[in-house]
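Asks: Using the numbering used here, read the sequence shown as starting at 74 and increasing by one per residue. Beta carbons are placed, not taken as given, at the ideal position from N, Cα and C, and that holds for glycine. Dropping the structure in here first, questions after.
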Amino acid sequence: MDRPCRSHGWKVSWKMLPLAASVLSSCFLLTRAQETTGISIRVVPEVLKEGDSVTLTPEGLDLKNIASCKWYRGAVEERNMIISFFRPPFSGETKGPAHTGRETVKPDFSLYITDLKPADSGIYSFKPEGPGVTITGATNITVSGYVTNITISDSGKAIENSTTVLHCTSAGTNVSYSWLRGNESLVVGERISLSNNNQVLTFNPTSRNDSDSYSCYGYNSFSNDSTSYLLNVLYGPDVPEIGPSEHYYAEGSNLTLSCTADSNPAAQYTWSFNETSDIGSASQLSIHNLQFHHSGNYTCKAFNNETNASSTSASREIWVLETLSNPVLWPAEAIVAENASVSLQCNTSNRLDVNVTWFKDSNPVLDKAVLFNRNRNLTLTAVSKDEEGMYTCKATNPVSKATSNPSKISLAYGPNNVKLNQTGTVTLKLGSRLALLCTAESLPEAQFRWFFNHTNMNVTANTFSTDLTAWEDGGNYTCQAYNSVVKKLASASVNVKLTTQESTPPGSGLTPGQIVGIVIGCVLGVALIGGLGYFLFTKTALGRTEQHSSNGNIPSAPGRNQGVTDTKPTPGEEDIQYSTLAFKANHPPQPQPAATRPLESNIIYSEIKKK
Ligand SMILES: *[C@@H]1O[C@H](CO)[C@@H](O)[C@H](O)[C@H]1NC(C)=O
Ligand SMILES: *[C@@H]1O[C@H](CO)[C@@H](O)[C@H](O)[C@H]1NC(C)=O
Ligand SMILES: *[C@@H]1O[C@H](CO)[C@@H](O)[C@H](O)[C@H]1NC(C)=O
Ligand SMILES: *[C@@H]1O[C@H](CO)[C@@H](O)[C@H](O)[C@H]1NC(C)=O
Ligand SMILES: *[C@@H]1O[C@H](CO)[C@@H](O)[C@H](O)[C@H]1NC(C)=O
Ligand SMILES: *[C@@H]1O[C@H](CO)[C@@H](O)[C@H](O)[C@H]1NC(C)=O
Ligand SMILES: *[C@@H]1O[C@H](CO)[C@@H](O)[C@H](O)[C@H]1NC(C)=O
Ligand SMILES: *[C@@H]1O[C@H](CO)[C@@H](O)[C@H](O)[C@H]1NC(C)=O
Ligand SMILES: *[C@@H]1O[C@H](CO)[C@@H](O)[C@H](O)[C@H]1NC(C)=O
Ligand SMILES: *[C@@H]1O[C@H](CO)[C@@H](O)[C@H](O)[C@H]1NC(C)=O
Ligand SMILES: *[C@@H]1O[C@H](CO)[C@@H](O)[C@H](O)[C@H]1NC(C)=O
Ligand SMILES: *[C@@H]1O[C@H](CO)[C@@H](O)[C@H](O)[C@H]1NC(C)=O
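Right, dumping it as structure tokens:
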């Protein structure tokens with residue numbers, strides 16, 4: 074416990090003290106000789122304080138009749154006798170029981186006391202002795218003591234809300250008291266009061282804020298003293314608080330909770346988890362490598378061993394959560410028919426604290442999306458071009474977030490533009506091999522089927538080949554493309570004619586009009602040439618026509634170009650050759666005609682080659 078000690082700031086405080094009282098107190102320090110009996114006794118000096126010397130002189134004595142005298146401290150009783158004194162010629166003195174070693178008697182019977190003590194205060198009686206002397210004298214002196222040994226005592230522990238009393242005492246005479254709190258004068262009021270000549274300082278009730286250094290200052294007219302006392306108000310513990318306020322922790326992370334309660338002295342802490350108490354006994358609770366089973370309620374209890382009070386915190390719920398791994402979004406790709414619906418499944422933890430959100434091309438998905446199964450299932454209804462894109466789902470819990478693989482959603486189309494790499498009618502030699510390639514624009518990829526005449530050939534590749542070994546192998550070869558999502562069929566056919574001859578050179582197919590034109594052109598050309606020279610004329614004018622197919626490198630069968638007049642190639646050294654090409658759109662008997670590109674049908678290409 075704190076014991077009073079001397080304030081080192083006292084000198085400063087001293088100046089602030091009221092000194093007016095000293096004038097008043099001087100009056101009380103005066104000690105006038107009082108004639109209690111016949112003989113009056115003069116006291117010099119009149120005012121006595123500790124350490125002084127005093128002379129008590131009996132006045133108006135007839136010294137002739139007095140041979141000796143006795144001085145008493147108190148009444149004239151043997152036990153009070155200080156000294157007995159004999160005048161010359163019997164000079165001598167006898168010390169009595171009340172002699173302190175500081176008293177002497179002078180020849181005029183005056184009593185001289187040195188080094189006065191407060192305890193010397195009181196009645197002094199004088200008894201002269203001689204024939205017929207009966208008169209006595211007495212006086213009452215007061216020796217004022219220095220203010221010393223100033224002490225503040227307490228009434229035990231100072232505890233908040235109870236009453237605390239500080240008592241200031243000192244040795245000294247006519248001591249006045251005042252108090253300081255710290256270096257300021259004490260402010261008294263309802264709760265803090267002074268009583269009993271300012272000696273008693275009472276806190277009722279005591280507040281924790283009253284803890285401070287208190288000084289008691291005692292003073293009289295000639296001295297002062299002070300001491301200070303450190304008031305330590307015990308309180309608490311207040312309701313402890315657990316920090317930090319975070320509720321969620323990732324599995325494997327470290328948890329550090331701290332408990333704080335205002336308390337004096339500092340509280341002692343204990344921790345509980347769920348119903349298990351005493352899992353820790355420091356203000357901090359640390360758990361490394363958190364696991365799910367650490368989830369639960371944590372509370373801490375604070376105990377003040379001085380007030381014997383304890384207080385328990387509110388419980389802090391702690392949840393240990395998994396660090397999410399990337400969700401798997403399924404399917405990773407979806408091709409959807411227009412206006413159809415599609416569902417995406419985001420596979421992630423099913424725990425309630427795991428939220429799933431969806432993104433399309435990095436933007437939150439809003440339109441036409443219907444969410445099921447706590448957002449883990451996204452269903453797009455009536456898919457249109459707007460819904461095409463890359464979808465991702467993001468799983469979040471309070472401690473982590475993870476994004477899925479992308480899922481590509483595209484709108485199905487086709488089959489459009491179904492084509493065979495040979496069209497129309499091709500004439501092939503019996504025994505040759507027919508090889509066909511079928512293409513179609515389709516999403517998803519078209520599924521192919523091949524038909525000869527109307528027989529399914531059980532071929533599902535985009536190519537078909539067969540050896541044309543019999544006359545019956547001539548006929549319609551059809552490629553059928555099927556989009557399983559759109560559920561649409563489209564096909565393309567080629568009509569194969571068989572012949573024993575070699576197939577005609579490519580591009581041999583001209584309309585009668587074209588041939589007429591060619592013939593006329595040739596005739597005109599030949600006539601022109603014929604006019605140029607005699608020898609040329611004699612060689613006859615016979616045009617030679619070379620016909621080409623411009624359809625890539627595909628050799629055309631003669632039957633492909635209806636109404637073509639084949640002109641026999643005539644070898645010669647003409648400088649000009651004429652090429653005429655013509656295509657007609659072919660519409661083979663197909664369930665769904667393939668969309669045709671304009672460039673490849675109904676357009677006649679004419680080419681004049683100059684050699
Ligand atoms: C002596 O004087 C003091 C102060 O005046 C007084 O308090 C005290 O009672 C007196 N003593 C006697 C015995 O009269
Ligand atoms: C000081 O005061 C205390 C209590 O009043 C007392 O016990 C002690 O003897 C005193 N000390 C001196 C030196 O006067
Ligand atoms: C004192 O009273 C206050 C207010 O009523 C209260 O909050 C505090 O806990 C009490 N202190 C003690 C130690 O009882
Ligand atoms: C948890 O504490 C351990 C031991 O002090 C330390 O090695 C580890 O790095 C800490 N883990 C984290 C996530 O801070
Ligand atoms: C944990 O605390 C919550 C509310 O704070 C309470 O509802 C729950 O019952 C507590 N659980 C346990 C095991 O104490
Ligand atoms: C602690 O309490 C929480 C909340 O009631 C509960 O979920 C958890 O399983 C409990 N843990 C233990 C180890 O008892
Ligand atoms: C309170 O605890 C402190 C520190 O442990 C100790 O020093 C003090 O003596 C204790 N007080 C009581 C009253 O037990
Ligand atoms: C998603 O929800 C839709 C509508 O409820 C349902 O038809 C579909 O089967 C669900 N998909 C998955 C993968 O659960
Ligand atoms: C989950 O989403 C809901 C609604 O958006 C939100 O209120 C909640 O806080 C989220 N929970 C988590 C753990 O993110
Ligand atoms: C058609 O495609 C098939 C398969 O690729 C190929 O073998 C054949 O030569 C092609 N025919 C023509 C005329 O290009
Ligand atoms: C195709 O398969 C069907 C059923 O297996 C069969 O009846 C048919 O004869 C096959 N067609 C050809 C051309 O092989
Ligand atoms: C296919 O059709 C063609 C012409 O229509 C016919 O000449 C041929 O014999 C048919 N082939 C078979 C195997 O039916």
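Since Gly-218 and Gly-147 should fall inside the 8 Å C-beta cutoff, what is the C-beta to C-beta distance between them, to a whole number of angstroms?
Replies: With 8 Å as the limit, Gly-218 and Gly-147 do not qualify as a contact, their Cβ atoms being about 19 Å apart.
Asks: For Val-401 versus Ala-407, is the C-beta spacing smaller than 7 Å?
Replies: No. Outside cutoff.
Asks: Between the region 540-552 and the region 562-575, are three or more C-beta pairs nearer than 8 Å?
Replies: The region 540-552, when compared against the region 562-575, does touch it at the 8 Å Cβ threshold.
Asks: According to DSSP, simplified to helix, strand and coil, what is Lys-179?
Replies: Residue state, collapsed to three classes: coil.
Asks: Nearest by alpha-carbon distance to Asn-446: which of Phe-346, Thr-430 and Thr-385 is it?
Replies: Checked all of Phe-346, Thr-430 and Thr-385; the closest Cα to Asn-446 is Thr-430.
Asks: Between which two residues does the beta strand (DSSP E) holding Gly-218 run?
Replies: It is not in any beta strand (DSSP E) - Gly-218 carries neither H nor E in the DSSP assignment.
Asks: Look at Thr-221 and Ala-192 and say whether their C-beta atoms are less than 7 Å apart.
Replies: Taking 7 Å as the Cβ cut-off, Thr-221 and Ala-192 do not qualify as a contacting pair.
Asks: DSSP three-state label for Arg-447, please.
Replies: Coil.
Asks: Near Ile-265, what residues of its chain come up, given a Cβ to Cβ distance below 6 Å and the 5 sequence neighbours on each side ignored?
Replies: Correct list, in chain order: Phe-276.
Asks: Comparing the CB of Asn-529 with every heavy atom of ligand 12, is any distance shorter than 6 Å?
Replies: Not so, every heavy atom of ligand 12 lies at least 6 Å from the Cβ.
Asks: So who's on the other strand from Asn-337, going by DSSP bridges?
Replies: Beta-bridge pairing links Asn-337 to Tyr-308.
Asks: Within the chosen definition, does the region 521-531 reach the region 449-469 through at least 3 CB pairs nearer than 8 Å?
Replies: No contact exists between the region 521-531 and the region 449-469.
Asks: Considering only heavy atoms of ligand 7, list every residue whose Cβ is less than 6 Å from one of them, following chain order.
Replies: In chain order, the qualifying residues are Asn-378 and Glu-379.
Asks: Expressed to the nearest angstrom, what Euclidean distance is found between the alpha-carbon atoms of Cys-289 and Val-260?
Replies: Going from the Cα of Cys-289 to the Cα of Val-260 covers about 14 Å.
Asks: With a threshold of 6 Å, establish whether the CB of Ile-112 neighbours any heavy atom of ligand 1.
Replies: Not under cutoff, so the answer is no.
Asks: Take Gly-462 and list the residues in its own chain whose beta-carbon comes closer than 8 Å to its own, dropping the five residues that flank it on each side.
Replies: The residues are Lys-433, Asp-434, Lys-481 and Ile-482.
Asks: Output the boundary residues of the beta strand (DSSP E) element that contains Val-286.
Replies: A quick correction: the sequence has Ser, not Val, at residue 286. Note, Ser-286: beta strand (DSSP E), 285-292.
Asks: Would you mind stating whether Arg-175 and Thr-167 have Cβ atoms separated by less than 7 Å?
Replies: No, Cβ-Cβ distance for Arg-175 and Thr-167 is not below 7 Å.
Asks: Determine the contact status of Leu-129 and Val-116, defining contact as a CB-CB distance below 7 Å.
Replies: Contact: yes.
Asks: Bridge partners for Thr-315 per DSSP, in chain order?
Replies: The residue asked about is misnamed: residue 315 is Ile in this sequence, not Thr. DSSP lists Cys-332 as partners of Ile-315.
Asks: What are the residues that DSSP puts in a beta bridge with Glu-257?
Replies: Partner(s): Arg-254.
Asks: Can you tell which of Met-154, Leu-136, Gly-169 and Arg-152 has the C-alpha that lies nearest to the C-alpha of Asp-181?
Replies: The option with the nearest alpha carbon to Asp-181 is Leu-136.
Asks: Does the beta-carbon distance from Asn-305 to Ser-284 come in below 7 Å?
Replies: A contact, by the Cβ cut-off of 7 Å.
Asks: Please classify Ser-249 as buried or exposed, where buried requires at least 16 neighbouring CB atoms within 10 angstroms.
Replies: It is buried - the Cβ of Ser-249 has at least 16 other Cβ atoms within 10 Å.
Asks: Check each candidate in Pro-161, Arg-160, Gly-255 and Phe-199 and name the one with the smallest Cα separation from Glu-132.
Replies: For the residues Pro-161, Arg-160, Gly-255 and Phe-199, the minimum Cα distance to Glu-132 belongs to Phe-199.
Asks: Go through the region 501-539 residue by residue and report every complete run of the beta strand (DSSP E) that reaches 3 residues or more, in order.
Replies: Counting only runs of 3 or more, we get 506-516 and 520-525.
Asks: Using 6 Å as the cut-off, classify the Cβ of Asn-277 as near or not near the heavy atoms of ligand 3, replying yes or no.
Replies: Every heavy atom of ligand 3 is 6 Å or more from the Cβ of Asn-277, so no.
Asks: Excluding the five sequence neighbours on either side, which residues of its own chain have a C-beta within less than 8 Å of the C-beta of Gln-357, listed in chain order?
Replies: Within the same chain, Gln-357 has close Cβ partners Thr-329, Leu-330, Ser-331 and Cys-332.
Asks: In terms of residues, what are the limits of the beta strand (DSSP E) holding Asp-351?
Replies: That run of the beta strand (DSSP E) goes 349-353.
Asks: Compare the Cα-Cα distances from Ser-398 to each of Pro-162, Ala-534, Phe-525 and Asn-470 and report the closest residue.
Replies: Looking at the Cα atoms, Asn-470 is the closest of the given residues.
Asks: Here's a check: name, in chain order, each residue in its chain whose Cβ is nearer than 8 Å to the Cβ of Asn-557, leaving out the five neighbours to either side.
Replies: Just to set this straight, residue 557 is Ser in the shown sequence, not Asn. Pro-517 and Gln-520.
Asks: So which of Asn-450, Lys-230, Asn-282 and Ile-391 has the shortest CA-CA distance to Arg-698?
Replies: No statement about residue 698 is possible, as the shown extent of the chain runs from 74 to 684 and does not include it.
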